[in-house]
Amino acid sequence: MKSVLFFLTALPLLAAIDGTVVNKTTGQPQPGVTVSLTKLGQNGMEPAGSAKSGADGKFSIEAPAGSVHLLQATYQGVAYNMQLQPNAPTTGLQVQVFDALPKLSAIDMSQHMILVESDGKELVVNETVIFQNDSQTTWYDPKAGTLHFTAPPEAGKDVKARVIAPGGMPVERDPKPMGGKGEYAVDFPVKPGETRFDISYKMPIKEPMVLSGRILHDPGPVRLIVPKGITVEGDGLASLGNEPRSGAAIFDVKGNTYAVKISGAGTLRSSEPEPQASGTAPEATAQEEDGPRIQQIMPPGYEREWKWALGLILAILALSFAAQYMKSAPADSSGGKPKA
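With mature numbering (1 follows the signal peptide of the UniProt record, and there is no 0) applied, the sequence shown corresponds to residues -15 to -1, 1 to 325, in that order.
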């Protein structure tokens, strides 16, 4: 009897994880969707079970209790994730999916930022493109991809990409060459909400150093950002001023092609002011206390676009972090991690 009790207590505690898959495009429960469960174990993410939603969209999976779990519903080739924390409710969940189409008119390219940095030996370019999908449909075109961009031939095989889905974590993607002329495509679904694409490449410095490219996405604001120490010139560049804290110069890129002559060296991180010796934060200037510091880069006549202003300064700093991440992150060889 004791051995039986020991066996029972040694079994892992199981909890039912159940809910309904709801198609937010139609507003109806979605049958036939595969729902997979992964748990965070000692060896990383491990499969913990799967089920298919029934005619009423409902599913149920038995899983070990007390672990961090990730639910992933795959519908029309697109994965939709839902994270479950320990001690959080695991019943009556609603997993949302959307119909997927290869073309959508409701997609806006809300921002395209190009950060150029140099140590005097290499030119490092980090681009961020942000798509806003205000529809209830996912834009997904596995053949043609969603983001199209160009990179100079000198970048060679150093062109990298990562994507952040709405509410998701960074996922690396290999850009696909598209028929020459330095064109690439990234195959990643643009779900409802904001999706961010980060592109990174580098090339050796030569004289004269000219960065050329074409804008292949729909029209929208394109900004060139260069840190202190770097000067740029070229047709179609309109100065928006300098970010006060770092001194980074910001330009509006007009037209769908650009050729920018670059000289000097500098990085955005090195442009940041040093912290005070006492460890206290520097006092805000009168200009900084008036509102978002980035408002000073607006030329006369511009309205205060608070959302854009705050988003841009955060994106500038995030781009610099992305540069370090893209240059140092090891290649993903897991092969079995959940998709975005």
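A virtual CB, placed ideally from N, CA and C, is assigned to each residue, including glycine.
Quantities reported herein were computed from a predicted structural model and do not represent experimental measurements.
Residue interval of the beta strand (DSSP E) (run including residue i)
| i | result |
| --- | --- |
| residue 61 | Per DSSP, residue 61 belongs to no beta strand (DSSP E) and is neither H nor E. |
| residue 179 | 178 to 189 |
| residue 200 | No beta strand (DSSP E) contains residue 200, which DSSP labels as neither H nor E. |
| residue 113 | 107 to 118 |
| residue 15 | Neither: residue 15 is in no beta strand (DSSP E) and is coded neither H nor E. |
| residue 218 | 215 to 218 |
Nearest-angstrom Cα separation, counted from residue j out to residue i
| i | j | result |
| --- | --- | --- |
| residue 37 | residue 86 | 23 Å |
| residue 207 | residue 97 | 5 Å |
| residue 157 | residue 175 | 15 Å |
| residue 130 | residue 120 | 19 Å |
| residue 79 | residue 18 | 13 Å |
| residue 102 | residue 246 | 13 Å |
| residue 134 | residue 72 | 44 Å |
| residue 179 | residue 220 | 31 Å |
| residue 214 | residue 205 | 28 Å |
| residue 39 | residue 16 | 5 Å |
Residue from the options whose Cα sits closest to the Cα of residue i
| i | options | result |
| --- | --- | --- |
| residue 159 | 152, 182, 92 and 166 | 182 |
| residue 22 | -1, 236 and 7 | -1 |
| residue 148 | 217, 170 and 201 | 170 |
| residue 253 | 8, 241, 240 and 231 | 231 |
| residue 165 | 8, 150 and 141 | 141 |
| residue 34 | 189, 2, 6 and 186 | 2 |
| residue 88 | 202, 249 and 226 | 202 |
| residue 333 | 229, 60, 48 and 39 | Since the first residue shown for the chain is -15 and the last is 325, residue 333 is missing from the structure and cannot be characterised. |
Reduced DSSP category for residue i - H, G, I as helix; E, B as strand; rest coil
| i | result |
| --- | --- |
| residue 139 | helix |
| residue 358 | No information on residue 358 is available, as it lies outside the stretch -15 to 325 that the chain covers here. |
| residue 22 | strand |
| residue 381 | Outside the displayed span of the chain (-15 to 325) sits residue 381, for which this structure offers no information. |
| residue 38 | coil |
| residue 159 | coil |
| residue 32 | strand |
| residue 192 | coil |
| residue 4 | strand |
| residue 75 | coil |
| residue 100 | strand |
| residue 89 | coil |
| residue 43 | strand |
| residue 129 | coil |
Counting only runs that start and end within the region 225 to 254, where is the beta strand (DSSP E) found for 3 or more residues in a row?
234 to 238 and 242 to 249
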